[in-house]
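Trainee:
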Ligand code: PA5
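In this note's numbering, the protein residues as written are 26 to 472.
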C-alpha cells in the first residue's frame, strides 16, 4: 500500500533547508508534547490515538445504525455545523459520484445537510424537498447548544413527526453528542433516540473519526473501516519515534512556520480535483480555529483549480507576496476519459487527441506550480496516490497531527476557540435571549 507524501522542494529558495532542519528538534519536541499531554489544551488530545483505539465493536455499531437509516430512508439529513459537518461533507463529496443525487437506481440514501447555516430559504427548500419522501435525521452537536443545528432540528423533527408519527420518528432520528451534558443529550434521553457519544477530549474540528463523521459517512455507503485504516497508518507514520526526515507532520509544521516567519501570512490549499473542494473547507476550520488567535496565525484559504485560476489566478500570480500554496495532488484519476479527434479541429484541440483529460489536468498543475514559484509563491506538495477512503483517512490524520505541532510551534493553544463566542453573544443579545438582558441593553445602545 502506498502512502500520501509531502514535498517541500519548491519552498527552498524562499526559506533554506537549514532553516527548516533547524526547526526539527522544535517540531519533534512539540510532537512529544502532544504525546506526553503536557502542553496547552491538553484536555483535548483524545484525537491523537483515536484511530488506533477505535474497536471493531464500535465500528460495527455505527455500521448497524447506518444500515437502519439506509433501509428506512431515501434521504438522510445530517444536521451540524463546523466540525460536526465539514468532515462528513469532505469525505462524501470526494468519494461519491458528483451526480449521484440524479441517479435513478440509487444504492444509497441521498445525504443532505442542515444546521450549517441560518438561511430561511435554504430551510424552506429543504423542507419542500423532503415532503413525500422517506427521510431520517442525524443530529450532531458536541456541545448540544449550538443555535444553527438546534434550530434546524426543531423544524425537521416536527416535519418528520408530522409525516410518520412520533413513534416511527424516534427510529429515524440519531443524536450524536456529549455523554452527559447539553440540550441535545437531555432531549435524546427523553425521547429515547439512538445516540452516539463524542468524547469530551475530542474537539469539534478533530472529531471526523468519531461517530460525528463515521455515522453519516457510513450512511452514504462509504467504507469507514478503510477511512479509519488510513488514519491508523498515518498515526504510526507521524509518531515521535519517526525521525524528522521521514515525519511528514513535523516537516509540514516546521515548513509552514518558517514560511510564516518570513512574511508569508496566508496559506492557500489548492486542489486540481473539484471533488476535493470540501477537504479544503474542513482544513480551513482545522487550521483557522486552531491557530488564528492571540493576534497570530497563518490565514488558511483554499482554491479549486483550474477553476479558480480564472478568478483568483491573477492575485495568486501577481498580488501582494504574502502567500504560500499547498497543493493536494492526486496521482491517479478513478476513471478514464480520452480527448477525441475532431476532423474539423475548429477548436484547435487535436494536439490533445488521444490524451487523457487527467494528463491535461496534470500539465495544468505542473505549469501552475512553476508559474507560481516563479511569481514568488512557495509551493508545498502533498501527493495522494488516489482519492479513496484510505488515503482520505491518512490525509485527515496527517493534517490533524501537523496542526497540533504547528499550533504549539506558533505558541498558541491549538485546541480552544474562544473567538467564536463573540458573534454568539451579540446575536443572543439582539434576539433578547433570557439571561442576556445586560448585553441586550448595551448592544441596543450601540445601534
Ligand atoms: O471546533 C469546534 O469545536 C467548533 O467550531 C465546532 O465544530 C462548531 O462550533 C460546532 O459545535 P457543536 O458540535 O458543539 O454544535
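All residues carry an ideal CB built from backbone N, CA and C; glycine is no exception.
Tell me whether residue 111 sits in a helix, a strand or coil according to DSSP, three-state version.
Mentor: Residue 111 sits in a helix when the DSSP states are folded into three classes.
Trainee: Judging by CA-CA distance, which residue of 144, 143 and 122 is the nearest neighbour of residue 136?
Mentor: 122
Trainee: Compute the distance between the beta-carbons of residue 87 and residue 240, then report whether it is under 9 Å.
Mentor: yes
Trainee: Would you decide whether residue 327 is buried or exposed? Buried here means 16 or more other CB atoms lie within 10 Å of its CB.
Mentor: buried
Trainee: Any chance the CB of residue 323 is under 8 Å from a heavy atom of the ligand PA5?
Mentor: no
Trainee: Could you check whether the Cβ of residue 280 sits closer than 8 Å to any heavy atom belonging to the ligand PA5?
Mentor: no
Trainee: Let me make sure I understand the geometry here. Which of 38, 59 and 169 has the alpha-carbon closest to that of residue 431?
Mentor: 59
Trainee: Between residue 353 and residue 409, which are expected to be in contact by the criterion C-beta below 8 Å, what is the C-beta distance as a whole number of angstroms?
Mentor: 6 Å
Trainee: Please name the residue in 184, 447 and 380 whose C-alpha comes closest to that of residue 194.
Mentor: 184
Trainee: Between residue 219 and the rest of its own chain, which residues show a CB-CB distance below 7 Å, the 5 nearest in sequence each way excluded?
Mentor: Excluding sequence neighbours, residue 219 sits near 90 and 199.
Trainee: Taking 6 Å as the limit between beta carbons, can you name the residues of its chain near residue 314, skipping five residues before and five after?
Mentor: 230 and 442
Trainee: Return the CA-CA distance between residue 81 and residue 399, expressed in angstroms with no decimal places.
Mentor: Take the alpha-carbon of residue 81 and the one of residue 399: they are about 50 Å apart.
Trainee: Looking at the ligand PA5, does it come within less than 8 Å of residue 167, judged from the CB to the closest heavy atom?
Mentor: yes
Trainee: Could you round the C-beta distance between residue 349 and residue 52 to whole angstroms and report it? I think they count as a contact, below 8 Å.
Mentor: Incorrect: roughly 17 Å between the Cβ atoms, too far for contact.
Trainee: Within 10 Å of its beta-carbon, does residue 56 have 16 or more other beta-carbons around it, so buried, or fewer, so exposed?
Mentor: buried
Trainee: Which residues does DSSP pair with residue 404 in a beta bridge?
Mentor: In the DSSP secondary-structure assignment, residue 404 is bridged to 350.
Trainee: Output yes or no for whether 9 Å exceeds the beta carbon distance between residue 405 and residue 35.
Mentor: yes
Trainee: Go ahead and label residue 108 buried or exposed: buried means 16 or more other beta carbons lie within 10 angstroms of its beta carbon, across all protein chains shown.
Mentor: buried
Trainee: Ignoring anything shorter than 3 residues or poking outside the segment 135-201, list the beta strand (DSSP E) runs there in chain order.
Mentor: Counting only runs of 3 or more, we get 135-139 and 160-166.
Trainee: Tell whether a beta-carbon distance below 9 Å holds between residue 114 and residue 306.
Mentor: yes
Trainee: Do residue 66 and residue 325 have their CB atoms nearer than 9 Å?
Mentor: Against a cut-off of 9 Å, the Cβ pair of residue 325 and residue 66 comes out as no contact.
Trainee: Buried or exposed: which applies to residue 445, given that a residue is buried once 16 or more other Cβ atoms fall within 10 Å of its Cβ?
Mentor: exposed
Trainee: Whole angstroms are fine: how far does the CA of residue 426 sit from the CA of residue 273?
Mentor: 10 Å
Trainee: State the DSSP-derived secondary structure class of residue 290, mapped to helix, strand or coil.
Mentor: It is coil, neither helix nor strand.
Trainee: Extract the residue ranges of the beta strand (DSSP E) inside the segment 306-332, only unbroken runs of 3 or more that lie entirely within it.
Mentor: Restricting attention to beta strand (DSSP E) runs no shorter than 3 residues, the segment 306-332 encloses them at 324-329, ordered along the chain.
Trainee: Cutting at 7 Å between CB atoms, please list the residues of its own chain near residue 260, excluding the five before and the five after it.
Mentor: 74, 76, 77 and 422
Trainee: Runs of 4 residues minimum, wholly inside the segment 39-117: which ones carry the alpha helix (DSSP H) assignment?
Mentor: 42-47, 49-61, 75-78 and 81-97
Trainee: Rounded to whole angstroms, what's the CA-CA distance from residue 358 to residue 383? Just pull it up for me.
Mentor: 7 Å
Trainee: At a threshold of 8 Å, does residue 258 count as lining the ligand PA5 (C-beta to nearest heavy atom)?
Mentor: With a cut-off of 8 Å, the C-beta of residue 258 is classified as distant from the ligand PA5, since no heavy atom of the ligand falls inside that distance.
Trainee: With DSSP as the reference, label residue 467 as helix, strand or coil.
Mentor: helix
Trainee: Counting beta carbon pairs with one atom in the segment 38-46 and one in the segment 207-216, are three or more of them shorter than 8 Å?
Mentor: No: the two stretches stay apart, fewer than three of their Cβ pairs being nearer than 8 Å.
Trainee: Between residue 165 and residue 237, how many whole angstroms is the CB-CB distance? I'm expecting something under 8 Å.
Mentor: Taking the Cβ atoms as the reference, residue 165 lies roughly 5 Å from residue 237, within the contact range of under 8 Å.
Trainee: State the Cα-Cα distance for the pair residue 111 and residue 367, rounded to the nearest angstrom.
Mentor: 42 Å
Trainee: Given residue 394, which residues of its chain have a CB within under 6 Å of its CB, disregarding the five upstream and five downstream residues?
Mentor: 404
Trainee: Measuring only the C-alpha atoms, how far is residue 94 from residue 412?
Mentor: In this structure, the alpha-carbon of residue 94 lies about 26 Å from that of residue 412.
Trainee: Taking its Cβ as the centre, do 16 or more other Cβ atoms sit within 10 Å of residue 376, making it buried, or is it exposed?
Mentor: exposed
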